[in-house]
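Residues -20 to -1, 1 to 213 (mature numbering (1 follows the signal peptide of the UniProt record, and there is no 0)) make up the sequence shown, in order.
Inspection log for the structure reproduced underneath, given as C-alpha cells.
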Amino acid sequence: MRYAIPLALVSLFVASTGYAQQVRFGAKAGLNASTYQGAPVPNPGFRFGPVLGVLTRLSLGRHGSLQPELLYEQRGATTDLLADGPNGVFNLPTIFSQQTRSRLHYLSLPMLARVEVGKLFAVAGPQVSYLVQAREQRTTLLDDPYTYNLAVPFTETRAGTEQYHRWELGGVVGVGYQVLADLAVELRYAAAVTPLRHSPPALPADWVSWPARLEKARTTSLQAQVSYTFGSE
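Right, dumping it as C-alpha cells:
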C-alpha cells in the first residue's frame, strides 16, 4: 500500500507524455529552509540545506503544462525542550533541557501543474518523498541540586533513520518569474500531510514532563529555486 502513491504518480507521468504537445527538460538548484509543524513541537527552528534536481515540462496548451520533477532535498529542524520535575529524597527540582538538530535527506517526486501568464507562473500539486537518511545531534543538560547546580552538557550525534517514516506524502505550491526563455526563478512552499516519526517507546524517566511528541509533527519548507530548461519549443 505504501508504494501505491509513488507508482500512481509515475504512471500519470508516463501516460501524460502521449498527450503533450511539446517536451522540455531542465535542471534546478536552490536553498531550502525547513522546520516541523504540528502539536506539540517544542520551540521549532529552521534548518537550511540545498535543493537539487531535474524536471520535465510537458506542454498541454498555450498557458498550461505538467511538470514532474525529481529532487534531492536536505531538510531538518531544531527543537529546544525544557522540563523540570522532582528528584531525590527531598523532592528537590531537577532541570532537564535538550536541544536537537536533525538533518533529513529526502528524494522527492513533485507532480505539478504549471500555469503561465506572461512571464509570471504558478505551480501546484502533490509530492511524494522518500527518506534516505536521518541524523540527529542532541545536546542534553541536567541541572541537579545535588551537584550544586553544576550543569554539564552532553552532546551526541547518531543516525536515527529507523525512528522516522520512510515515505511521506505532501503538497507543493509556488510562484515564479521567467527571467529568460530558458531561465526562471521561483519561490515554493511545501508541506507534508503524513506524520514525521514513529511513536516513541515508553519514557525512561516518568518525572520529566515531556511535551515533545514528534510522531505528530510534519515537515514544512520554504524554497528559493533557479531552473534552466532546454528542449523543443
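The C-beta atom is built at its ideal place from N, Cα and C for all residues, glycine as well.
For A164, which option in R115, T58, A204 has the closest C-alpha, if you only look at C-alpha atoms?
Start at 1 with the first residue of the sequence shown, and residue 164 comes out as number 184. The residue with the shortest Cα to Cα distance from A164 is A204.
Local Cβ density within 10 Å of N12, reported as buried at 16 or more and exposed below that
The residue you call residue 12 lines up with position 32 of the sequence shown. So N12 ends up on the buried side.
Would you report the Cα separation of L46 and K99, rounded to the nearest angstrom?
Your numbering for residue 46 matches position 66 in the sequence shown. Your numbering for residue 99 matches position 119 in the sequence shown. L46 and K99 have their C-alpha atoms roughly 17 Å apart.
Among L50, T120, V31, whose alpha-carbon lies nearest the alpha-carbon of Q79?
As a working note, residue 79 is residue 99 in the sequence shown. Here the closest residue by C-alpha is T120.
What first and last residue would you give for the beta strand (DSSP E) that runs through E166?
If you number the sequence shown from 1, residue 166 lands on position 186. E166 -> beta strand (DSSP E) spans 163 to 172.
Give the straight-line distance between the Cα atoms of E136 and R118, rounded to the nearest whole angstrom.
Residue mapping note: residue 136 aligns to position 156 of the sequence shown, counting from 1. Residue mapping note: residue 118 aligns to position 138 of the sequence shown, counting from 1. E136 and R118: Cα-Cα distance of roughly 5 Å.
Could you compute how far the alpha carbon of R198 sits from the alpha carbon of A172?
Locating residue 198 in the sequence shown gives position 218, where the first residue counts as 1. Locating residue 172 in the sequence shown gives position 192, where the first residue counts as 1. If I take the Cα positions, the gap works out to 6 Å.
Can you list, in chain order, the residues of its chain whose CB lies under 8 Å from that of T200, leaving out five sequence neighbours each side?
Residue mapping note: residue 200 aligns to position 220 of the sequence shown, counting from 1. Same-chain partners within the cutoff: S14, T15, Y16, Q17, Y169, A170, A171, A172.
How is the beta strand (DSSP E) around Y16 delimited, first residue to last?
What you label residue 16 is simply residue 36 of the sequence shown in a count that begins at 1. That run of the beta strand (DSSP E) goes 3 to 17.
Under 8 Å, Cβ to Cβ, is there at least one residue of chain B near H43?
Absence of chain B from the displayed structure is noted, only one protein chain being present.
Hey, how far is the Cα of E116 from the Cα of Q107?
Position 136 of the sequence shown, counting from 1, holds the residue named residue 116. Position 127 of the sequence shown, counting from 1, holds the residue named residue 107. Rounded to whole angstroms, E116 to Q107 spans 25 Å at the Cα level.
Beta-ladder partner(s) of H178, from DSSP:
Indexing the sequence shown from 1 puts residue 178 at position 198. Paired residues: none, contrary to the question.
Contact test: Y110 Cβ vs the ligand SAH heavy atom, cutoff 7 Å:
This structure does not include the ligand SAH; it has no bound ligands of any sort.
How many Å lie between E96 and V159 at the Cα?
Counting from 1 along the sequence shown, the entry for residue 96 is found at position 116. Counting from 1 along the sequence shown, the entry for residue 159 is found at position 179. Going by the C-alpha atoms only, they are around 13 Å apart.
Assuming the contact rule is C-beta atoms closer than 8 Å, Y208 and A57 should be a hit. Round their C-beta distance to whole Å, please.
Counting from one through the sequence shown, the residue named residue 208 turns up at place 228. Counting from one through the sequence shown, the residue named residue 57 turns up at place 77. The beta-carbon distance between Y208 and A57, rounded to whole angstroms, is 30 Å. This is too long to meet the 8 Å contact definition.
Taking the C-alpha atoms as reference points, what is the distance between S77 and A161?
If you number the sequence shown from 1, residue 77 lands on position 97. If you number the sequence shown from 1, residue 161 lands on position 181. Using only the alpha carbons, I get a separation of about 52 Å.
If you draw a straight line from the alpha carbon of T60 to that of E166, how long is it in whole angstroms?
Position 80 of the sequence shown, counting from 1, holds the residue named residue 60. Position 186 of the sequence shown, counting from 1, holds the residue named residue 166. According to the sequence displayed, residue 60 carries Asp and not Thr. Going by the C-alpha atoms only, they are around 32 Å apart.
Out of curiosity, what's the CA-to-CA distance linking H85 and G156?
For the purposes of this step, residue 85 is taken as residue 105 along the sequence shown, with counting starting at 1. For the purposes of this step, residue 156 is taken as residue 176 along the sequence shown, with counting starting at 1. When rounded, the distance between both Cα atoms is 25 Å.
Under DSSP, the beta strand (DSSP E) around G41 begins and ends at which residues?
Counted from its first residue, the sequence shown places residue 41 at position 61. No beta strand (DSSP E) holds G41; DSSP gives it neither H nor E.
Taking Cβ positions, are E49 and V31 nearer each other than 8 Å?
Locating residue 49 in the sequence shown gives position 69, counting from the first residue. Locating residue 31 in the sequence shown gives position 51, counting from the first residue. No, they are not a contact pair.
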